[in-house]
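The structure appears below as structure tokens.
Number of protein chains: 6
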Amino acid sequence: MTDLISIVDTLCRTPRVGWLQRGVADAESVCAHSMLVALLAGEIAAQLNAEGVDVDIKEVLAVATVHDLAESVLGHPGREVRERLRWEEVEEEVFKREFPHLAELFRMYRYETNLVGRVVSFADKLATLIRACRYRKMGYDTGDLVKNLYLKLSKYDDLAHLLEFYVSKYCGSLV
Amino acid sequence: MTDLISIVDTLCRTPRVGWLQRGVADAESVCAHSMLVALLAGEIAAQLNAEGVDVDIKEVLAVATVHDLAESVLGHPGREVRERLRWEEVEEEVFKREFPHLAELFRMYRYETNLVGRVVSFADKLATLIRACRYRKMGYDTGDLVKNLYLKLSKYDDLAHLLEFYVSKYCGSLV
Amino acid sequence: MTDLISIVDTLCRTPRVGWLQRGVADAESVCAHSMLVALLAGEIAAQLNAEGVDVDIKEVLAVATVHDLAESVLGHPGREVRERLRWEEVEEEVFKREFPHLAELFRMYRYETNLVGRVVSFADKLATLIRACRYRKMGYDTGDLVKNLYLKLSKYDDLAHLLEFYVSKYCGSLV
Amino acid sequence: MTDLISIVDTLCRTPRVGWLQRGVADAESVCAHSMLVALLAGEIAAQLNAEGVDVDIKEVLAVATVHDLAESVLGHPGREVRERLRWEEVEEEVFKREFPHLAELFRMYRYETNLVGRVVSFADKLATLIRACRYRKMGYDTGDLVKNLYLKLSKYDDLAHLLEFYVSKYCGSLV
Amino acid sequence: MTDLISIVDTLCRTPRVGWLQRGVADAESVCAHSMLVALLAGEIAAQLNAEGVDVDIKEVLAVATVHDLAESVLGHPGREVRERLRWEEVEEEVFKREFPHLAELFRMYRYETNLVGRVVSFADKLATLIRACRYRKMGYDTGDLVKNLYLKLSKYDDLAHLLEFYVSKYCGSLV
Amino acid sequence: MTDLISIVDTLCRTPRVGWLQRGVADAESVCAHSMLVALLAGEIAAQLNAEGVDVDIKEVLAVATVHDLAESVLGHPGREVRERLRWEEVEEEVFKREFPHLAELFRMYRYETNLVGRVVSFADKLATLIRACRYRKMGYDTGDLVKNLYLKLSKYDDLAHLLEFYVSKYCGSLV
Numbered sequence: 001m002t003d004l005i006s007i008v009d010t011l012c013r014t015p016r017v018g019w020l021q022r023g024v025a026d027a028e029s030v031c032a033h034s035m036l037v038a039l040l041a042g043e044i045a046a047q048l049n050a051e052g053v054d055v056d057i058k059e060v061l062a063v064a065t066v067h068d069l070a071e072s073v074l075g076h077p078g079r080e081v082r083e084r085l086r087w088e089e090v091e092e093e094v095f096k097r098e099f100p101h102l103a104e105l106f107r108m109y110r111y112e113t114n115l116v117g118r119v120v121s122f123a124d125k126l127a128t129l130i131r132a133c134r135y136r137k138m139g140y141d142t143g144d145l146v147k148n149l150y151l152k153l154s155k156y157d158d159l160a161h162l163l164e165f166y167v168s169k170y171c172g173s174l175v
Numbered sequence: 001m002t003d004l005i006s007i008v009d010t011l012c013r014t015p016r017v018g019w020l021q022r023g024v025a026d027a028e029s030v031c032a033h034s035m036l037v038a039l040l041a042g043e044i045a046a047q048l049n050a051e052g053v054d055v056d057i058k059e060v061l062a063v064a065t066v067h068d069l070a071e072s073v074l075g076h077p078g079r080e081v082r083e084r085l086r087w088e089e090v091e092e093e094v095f096k097r098e099f100p101h102l103a104e105l106f107r108m109y110r111y112e113t114n115l116v117g118r119v120v121s122f123a124d125k126l127a128t129l130i131r132a133c134r135y136r137k138m139g140y141d142t143g144d145l146v147k148n149l150y151l152k153l154s155k156y157d158d159l160a161h162l163l164e165f166y167v168s169k170y171c172g173s174l175v
Numbered sequence: 001m002t003d004l005i006s007i008v009d010t011l012c013r014t015p016r017v018g019w020l021q022r023g024v025a026d027a028e029s030v031c032a033h034s035m036l037v038a039l040l041a042g043e044i045a046a047q048l049n050a051e052g053v054d055v056d057i058k059e060v061l062a063v064a065t066v067h068d069l070a071e072s073v074l075g076h077p078g079r080e081v082r083e084r085l086r087w088e089e090v091e092e093e094v095f096k097r098e099f100p101h102l103a104e105l106f107r108m109y110r111y112e113t114n115l116v117g118r119v120v121s122f123a124d125k126l127a128t129l130i131r132a133c134r135y136r137k138m139g140y141d142t143g144d145l146v147k148n149l150y151l152k153l154s155k156y157d158d159l160a161h162l163l164e165f166y167v168s169k170y171c172g173s174l175v
Numbered sequence: 001m002t003d004l005i006s007i008v009d010t011l012c013r014t015p016r017v018g019w020l021q022r023g024v025a026d027a028e029s030v031c032a033h034s035m036l037v038a039l040l041a042g043e044i045a046a047q048l049n050a051e052g053v054d055v056d057i058k059e060v061l062a063v064a065t066v067h068d069l070a071e072s073v074l075g076h077p078g079r080e081v082r083e084r085l086r087w088e089e090v091e092e093e094v095f096k097r098e099f100p101h102l103a104e105l106f107r108m109y110r111y112e113t114n115l116v117g118r119v120v121s122f123a124d125k126l127a128t129l130i131r132a133c134r135y136r137k138m139g140y141d142t143g144d145l146v147k148n149l150y151l152k153l154s155k156y157d158d159l160a161h162l163l164e165f166y167v168s169k170y171c172g173s174l175v
Numbered sequence: 001m002t003d004l005i006s007i008v009d010t011l012c013r014t015p016r017v018g019w020l021q022r023g024v025a026d027a028e029s030v031c032a033h034s035m036l037v038a039l040l041a042g043e044i045a046a047q048l049n050a051e052g053v054d055v056d057i058k059e060v061l062a063v064a065t066v067h068d069l070a071e072s073v074l075g076h077p078g079r080e081v082r083e084r085l086r087w088e089e090v091e092e093e094v095f096k097r098e099f100p101h102l103a104e105l106f107r108m109y110r111y112e113t114n115l116v117g118r119v120v121s122f123a124d125k126l127a128t129l130i131r132a133c134r135y136r137k138m139g140y141d142t143g144d145l146v147k148n149l150y151l152k153l154s155k156y157d158d159l160a161h162l163l164e165f166y167v168s169k170y171c172g173s174l175v
Numbered sequence: 001m002t003d004l005i006s007i008v009d010t011l012c013r014t015p016r017v018g019w020l021q022r023g024v025a026d027a028e029s030v031c032a033h034s035m036l037v038a039l040l041a042g043e044i045a046a047q048l049n050a051e052g053v054d055v056d057i058k059e060v061l062a063v064a065t066v067h068d069l070a071e072s073v074l075g076h077p078g079r080e081v082r083e084r085l086r087w088e089e090v091e092e093e094v095f096k097r098e099f100p101h102l103a104e105l106f107r108m109y110r111y112e113t114n115l116v117g118r119v120v121s122f123a124d125k126l127a128t129l130i131r132a133c134r135y136r137k138m139g140y141d142t143g144d145l146v147k148n149l150y151l152k153l154s155k156y157d158d159l160a161h162l163l164e165f166y167v168s169k170y171c172g173s174l175v
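Residue numbers (the UniProt record's numbering), protein chains in the order written: chain S, 1 to 175; chain W, 1 to 175; chain L, 1 to 175; chain V, 1 to 175; chain E, 1 to 175; chain A, 1 to 175.
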């Protein structure tokens, strides 16, 4: 599938299954998620720059934009499917085959091979966390995800202050 | 996930990824597919009865209705994901855990353990074939699927006349 | 209209008008309702079996799946329209004409001619009740329906314990 | 139901069932139809004025806008349901009860009591005809409707030139 | 763009951007808004008539129905775009060019040249206010709009009792 | 509006008005367009690299991803609105205020200040061209846009071979 229109439309019409399973009526698509990760990662990179940390905003945006492209081929299966596969390797294999010119960017994110990839990986989880908080505010049961993601994000010690900032802004007293 | 409302809504909001990848704008959901399989299988069973073949319409409808329930947990991933797993076994495992009272019905379909299961398995592929023909009529490129499914369906020798009937009705001169 | 694809798509694109009239943004379709009735009825039959009551799960699933098929022809009009017609007879007439091989199943449900039909008729009302509870949780005014349906369901004496179980699970303290 | 928001949203979320039954994926809602009737009727009235015929554009727009309001209560059932009822009388009864201040406008349209009502009744059928032509162009089978409506519209002798104009513009050589 | 079908469909598929910016999932379209303004304005005119004030219900309905037609050409841009243009004049220019036979109606509304236009202009703001209240009830942050519109509507001294009636009915204790 | 979730959702729920005006039923959103521009621009940059031209793929992806962010504030108005404003300057002003850390990227694209911006600007038009071709294939009248965009793209002399490649792939013999 190298038709770029079909790739984009698949991503923009694929709802993230975790939201569906929690009853969300108009669930976030994979492409909306990718855009949110990009904007979050860009803001975070800008903030890190302001704190004197050197990380390229443009690289962060690029990696975030493409990080879920393999889902145009693989779809967005449930957590149980991912856990039964070496999902990272499957994604990478698809990436190399379908988007060879972008495979290096994918690897940064997936294996957190540098600060750019680390920021995107953090933003990926954070985007899901703040979306879960938003859905919770609308009455959906996403509390399990909120807790689970907060725990994972807490392990990025050097970004702890950013986690607190975003949680405070988007989750209020919910975490 | 034993909340029946969330299970149904997940199935009715999950587009089948094969259609998305072929550019379909308003792709068939998993629950619309299940309903189509049920109606097709019911018609086929009635026709077989008329031909003197003994197959229970009610059993056929029941098996068809539940045959994709595991996708409420697993989602509807792309073909490549299914091929990398023993998808049948994964589905069965989920079925046994989440819908133990329906697991026997799933096995009939999946392993074609009797004529009921065989009819549903045939109707499952046929439902996808005639949908592919309908999408092709609207301008989408589904020709590969049409050919592929026709080949698989041709192997059900005893149902060959039904294959011809449905192809003639829904695909016109397209196969 | 004997085109099965159009029949299914009509059912899956027809919102139940009672939800629209109560302001629901993404209202349950007729086919999502049918699927929910099937899953509920299947669970109930399994529970009855466990209690020593003999009712065939497969028959229950079959009847539930087809019980609203006539709406593919009739649409899903408001309550007032149904009350001005002998709606049951209209449905049966359409059923006999369009789906003669399934008309017997419809009659079981509509006239509760046996335990299978009785369970499906109970599950039909119960599916609407628990959906009304879910919508109420999201902020929609469905209180009148909740009360009204609970009253009707209370008349199934032998299924009273099941009514309590489902109301407790899906409606919380709302009834 | 006197909540105006729910009334409007019901009309704007109710797909016209005739399109669904012909397989249309994104079927026209009742409120989109009402708007189309209003714009058509307004254009026709302006043209009649230019030809020296006296008909009030504002009255025509008003009557067209409200002509289907009763469907917020009744829904939009299939043709067979309408034929089994005295649909006109049911609509009028609902109109008088729910929108007493607009009931006079409804009567103009329904019984073509004056030229204003006659123009709206003509525009109502014409709006459905040109929509059927548009859907046919997209690949849907609406030929039966096109023929049927053209025949009905041909009976408005004094508006025959307008029928030809609109058919030529929206249906091309399809009629 | 004089294709009436495209005009209507553009209006019915254009979400009002202010709702999107406040996070509304299934935002009101321009045509749903126009229909709501028409119903509100019609009710208000009927009430004014009952109070002995002379205002033509049909004219009010007609003006309300067409008041946003120019958005089929201009789209529905954000507030900042409107403020940078003489939006009223742009709308009027488009109206004169695309809908010359309706331009007089537009002017009544836009410049409140008579009581009919004044009622529609009031109903336009009121429709947005009560919709904002409805969205707030569903959990969206529309408080700023509610306050802002209430202030503007308070300036219609002679309609103050109607403002209170509608706010009480649709906004409860929220204003 | 600095709520990133609302920004993304506004972009992903805003249909591009040009498609609506040409009758497209399920029109491309602004965020789907941005994603398509990013993938196209990334492919083009990779191809240019293969030809020995030095352009950073990551920068191209980053600029493409953010190039329409101002539309989260401004909406996506019709062509006529844009022409009446110095649209470029309005976008830049919004960008500087809302996304100061990304304003430099916007300027590259808008004023084609370097090869990165030039490639994104080319890909922006090309994404619209190939989408117009796709819609034309489905039966929508987009021929005017196809011609108009092809003319504009023809002025990028150094990218002429890429224009031919993409037109041949996505538009067939339609240009």
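From the three backbone atoms N, C-alpha and C, an ideal C-beta is built for every residue, glycine too.
All values derive from a computational prediction rather than experimental measurement.
Subject >> C-alpha gap between E/Val17 and V/Ser29, whole angstroms >> reply: Between E/Val17 and V/Ser29, the C-alpha separation is close to 21 Å.
**OP:** Give me the Cα-Cα distance between L/Tyr95 and L/Val73, rounded to the nearest whole angstrom.
**Re:** Correcting the residue type first, residue 95 of chain L is Phe in the shown sequence and not Tyr. Cα to Cα, L/Phe95 sits roughly 9 Å from L/Val73.
**OP:** Return the chain-ordered list of same chain residues with a C-beta closer than 8 Å to the C-beta of L/Ala103, the five sequence neighbours on each side being excluded.
**Re:** Glu92, Phe95, Lys96
Subject >> Distance between L/Val119 and L/Glu51 (C-alpha atoms, nearest Å) >> reply: In a straight line, the C-alpha of L/Glu51 is about 15 Å away from that of L/Val119.
Original post:
How should E/Lys155 be labelled, buried or exposed, when 16 other C-beta atoms within 10 angstroms of its C-beta is the threshold for buried?
Top reply: exposed
Original post:
Can you find at least 3 beta carbon pairs, one from the region 29–43 of chain L and one from the region 163–171 of chain W, that sit closer than 8 Å?
Top reply: no
**OP:** Please report how far the alpha carbon of W/Asp124 lies from the alpha carbon of V/Leu20, in whole angstroms.
**Re:** 23 Å
Original post:
What are the start and end residues of each continuous alpha helix (DSSP H) run of 4 or more residues lying completely inside the region 66–111 of chain W, in chain order?
Top reply: Every unbroken stretch of the alpha helix (DSSP H) spanning 4 or more residues and falling wholly within the region 66–111 of chain W is given here in chain order: 71–74, 79–84, 87–98, 103–111.
**OP:** Could you tell me which of E/Glu89, E/Arg86, E/Val81 sits nearest to A/Glu89, measuring between CA atoms?
**Re:** Out of E/Glu89, E/Arg86, E/Val81, the CA that lies nearest to the CA of A/Glu89 is found in E/Val81.
Subject >> Between the CA atoms of E/His101 and E/Asn49 - distance to the nearest angstrom >> reply: Each residue's Cα considered, the two are about 28 Å apart.
Original post:
Exposed or buried, L/Ala132, counting other C-beta atoms within 10 Å across all chains shown (16 or more means buried)?
Top reply: buried
Original post:
Using 9 Å as the limit for Cβ to Cβ distance, is V/Glu80 near chain L?
Top reply: Among the CB atoms of chain L, one or more fall inside 9 Å of the CB of V/Glu80.
Original post:
What separation, rounded to the nearest whole angstrom, lies between the Cα atoms of L/Thr142 and E/Thr113?
Top reply: Each residue's alpha carbon lies about 43 Å from the other.
Subject >> S/Glu43, buried or exposed, once every other Cβ within 10 Å from all chains shown has been counted against 16 >> reply: buried
**OP:** For L/Gly42, decide whether its Cβ has a neighbour in chain V, counting only Cβ atoms nearer than 9 Å.
**Re:** no
**OP:** Give, in chain order, every residue of the UniProt domain "HD/PDEase" (26–138) of chain A whose Cβ lies closer than 7 Å to some Cβ of chain V.
**Re:** Asp26
**OP:** Using 10 angstroms around the beta-carbon of V/Arg86, count the other beta-carbons present and answer buried if the total reaches 16, otherwise exposed.
**Re:** exposed
Original post:
Hey, E/Val24 and E/Tyr135: beta-carbon distance below 9 Å or not?
Top reply: yes
**OP:** Give a yes or no on whether 9 Å exceeds the smallest Cβ distance from S/Asp144 to chain W.
**Re:** no
Original post:
Between S/Lys137 and E/Gly117, which are expected to be in contact by the criterion C-beta below 8 Å, what is the C-beta distance as a whole number of angstroms?
Top reply: That pair is no contact at about 40 Å.
**OP:** Could you run through the region 9–24 of chain E and flag, in chain order, every residue whose CB is less than 8 Å away from some CB of chain A?
**Re:** Of all residues in the region 9–24 of chain E, only Asp9, Thr10, Arg13, Thr14, Pro15, Val17, Leu20, Gln21, Arg22, Gly23 place a beta-carbon less than 8 Å from a beta-carbon of chain A.
Subject >> For S/Val53 and A/Leu105, the rounded distance between their alpha carbons >> reply: 20 Å
**OP:** Verify the CB distance criterion: does E/Asp158 have a CB-CB separation below 9 Å to chain A?
**Re:** no
Subject >> Inter-residue spacing [alpha-carbon to alpha-carbon] between A/Gly76 and A/Cys12 >> reply: Note on residue identity: the sequence assigns His, not Gly, to residue 76 of chain A. Whole-angstrom Cα-Cα distance: 12 Å.
**OP:** Quick one: residues in its chain with C-beta nearer than 6 Å to the C-beta of A/Glu59, no 5 flanking neighbours on either side, listed in chain order?
**Re:** Val116
Original post:
Considering only the beta carbon of each residue, do L/Tyr166 and L/Leu40 sit closer than 9 Å?
Top reply: Yes.
Subject >> Helix, strand or coil at E/Ser34 [DSSP, three-state] >> reply: In the structure shown, E/Ser34 adopts helical secondary structure according to DSSP, grouped into three states.
Original post:
Ends of the alpha helix (DSSP H) at W/Lys169?
Top reply: 160–171
**OP:** Step through the CB atoms of chain W and report whether any lies within less than 9 Å of the CB of L/Leu163.
**Re:** no
Original post:
Does any CB atom of chain L fall closer than 9 Å to the CB of W/Leu149?
Top reply: no
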